[in-house]
Amino acid sequence: MTATAPASAKVDGDVTTRKVWASAADAVADIPDGASLAVGGFGASGVPDLLVEALAAGDAGGFEVISNNCGTEDYGLGLLLAAGRIRRIIASFIGGNALFAKQYLSGELDVELTPQGTLSERLRCGGAGIPAFFTPAGVGTPVADGGIPVRYAPDGSVAVTSPPKEVRSFPGAWSDREYVLENAITADYALVHAHTGDTEGNLVFNLAARNFNPLAAMAGKVCIAQVENLVEAGEIDPAQVHLPGIFVDRIVHAGPQNKYIEKRTVRDAVED
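In terms of this note's numbering, the sequence shown has 191 at position 191, counting the first letter as 1, and numbering is strictly consecutive.
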């Protein structure tokens, strides 16, 4: 599913490359109805906002989204949520997005809640070709036993719950605990944000933006990356590459990201 950039894709006026696309709109234009999307970001940090905005400006919908959370009501994945374009979310945190909670509780949205570390490992395993793994996280809770509401009915009753998962123990050093089986996650597309990328797709993430972005990129069959700084292949020190270009199919030069602040906390003025 590796894509070829259109002939109109240009960098610095004259340089045309296989992976660099002219715009976010071009890069996401072929994402169809019902596609699954692994999306980077943690809160408002490292969100591929330009790609999500381009997707929201199109007509496709019915998406299944895999992401730590769903942005805020007016930023990131919250834009797709507000437009009614998401049918199912695998996430670890509903957070401060009141619309996310409202759609979940009213039965408009299926939600698979997953422990945060488990979610990250499910994405990593998907990218590494590992179909499943055992973890102690969630044993003895509804995560393993089942019963977490996945979908509510319009009257507020629970329509669908999560199924129970296999739990087992292992000999040796692991014999004193039980472990639950978790399946890996892959997605049709990955949308990620990086601080710097080169024309071959090698990416460098900045500080907290190196959260779910590399993992989402690995799990996507087609990975689309927006980068703040685009450089030629070879300009990034190989030792500084966080994600090799083999995982990245399309690159959009987004320029500096809007540093959206999810929650602003200030203290009251102190009188002299």
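Note that beta-carbon positions come from the ideal geometry of N, C-alpha and C, so glycine has one too.
Exercise. Counting Cβ pairs, one atom from each stretch, are 3 or more of them under 8 Å apart for the region 171 to 182 and the region 193 to 209?
Worked result: no
Problem set entry | Test: ILE224 CB closer than 8 Å to a CB of chain D | Here chain D cannot be found, since the structure has a single protein chain.
Exercise. Taking just the CA atoms, how far does GLU108 sit from GLY40?
Worked result: 23 Å
Exercise. If you draw a straight line from the alpha carbon of ASN97 to that of ASP237, how long is it in whole angstroms?
Worked result: 39 Å
Problem set entry | Run of the alpha helix (DSSP H) containing ASP30, from where it starts to where it stops | Careful: ASP30 lies outside any alpha helix (DSSP H) and carries neither H nor E.
Exercise. Thinking C-beta only, is PHE170 closer than 8 Å to ALA217?
Worked result: no
For this session: Grab me the residues of SER23's own chain with a C-beta within less than 8 Å of its C-beta, minus the 5 sequence neighbours each way, in chain order.
Result: ALA54, VAL252
For this session: Determine the extent of the alpha helix (DSSP H) in which PRO214 is found, giving its start and end residues.
Result: 213 to 219
For this session: Entirely within the region 140 to 178 and at least 4 residues each: give me those alpha helix (DSSP H) ranges in chain order.
Result: 142 to 145
Problem set entry | Proximity of VAL273 and PRO115 at Cβ, strictly below 8 Å | Absent from the structure is residue 273, since the part of the chain shown begins at 1 and ends at 272.
Exercise. How many whole angstroms separate the CB atoms of ASP188 and ALA57, which I take to be in contact at a CB cut-off of 8 Å?
Worked result: With 8 Å as the limit, ASP188 and ALA57 do not qualify as a contact, their Cβ atoms being about 19 Å apart.
Exercise. So ASP198 is in the beta strand (DSSP E); what residue range does that whole segment cover?
Worked result: 187 to 198
Problem set entry | Nearest candidate by alpha-carbon position, reference SER45, set PHE133, PRO32, ARG210 | ARG210
Problem set entry | alpha helix (DSSP H) runs wholly inside the region 28 to 105, at least 4 long, in chain order | 49 to 57, 78 to 82, 98 to 105
For this session: Name the two residues that bound the continuous beta strand (DSSP E) containing ARG250.
Result: 250 to 253
Exercise. With 16 other CB atoms within 10 Å as the buried threshold, where does PRO86 fall?
Worked result: A quick correction: the sequence has Ile, not Pro, at residue 86. By the 10 Å Cβ count, ILE86 comes out buried.
For this session: Note down, in chain order, each residue of its chain lying with its Cβ closer than 6 Å to the Cβ of VAL15, except the 5 sequence neighbours on either side.
Result: Reliability fails at VAL15, whose pLDDT of 42 lies under 50, so the model's placement of it is uncertain and the value that follows must be treated cautiously. The answer is none, since no qualifying residue turns up.
Exercise. Okay, do the region 87 to 106 and the region 68 to 77 touch, 3+ Cβ pairs below 8 Å being the bar?
Worked result: yes
For this session: Find the nearest neighbour of VAL111 within the set GLY129, ALA219, GLY147, judged by alpha-carbon distance.
Result: GLY147
For this session: Check each candidate in VAL227, ARG267, GLY255, PRO214 and name the one with the smallest Cα separation from PRO244.
Result: PRO214
For this session: Compare the Cα-Cα distances from THR141 to each of ASP155, VAL47, GLU166, GLU121 and report the closest residue.
Result: GLU166
For this session: Look at the alpha carbon of ARG168 and the alpha carbon of GLY129, and state the distance between them as a whole number of angstroms.
Result: 22 Å
Exercise. Under 8 Å between the Cβ atoms of THR199 and VAL227?
Worked result: no
Exercise. Who are the near neighbours of LEU77 in its chain, counting only those whose CB is closer than 7 Å to its CB and skipping five residues on each side?
Worked result: VAL39, VAL52, VAL65, SER67, CYS70, GLY71
Exercise. Shortest alpha-carbon distance to ALA225 belongs to which of ASP145, THR265, VAL192?
Worked result: VAL192
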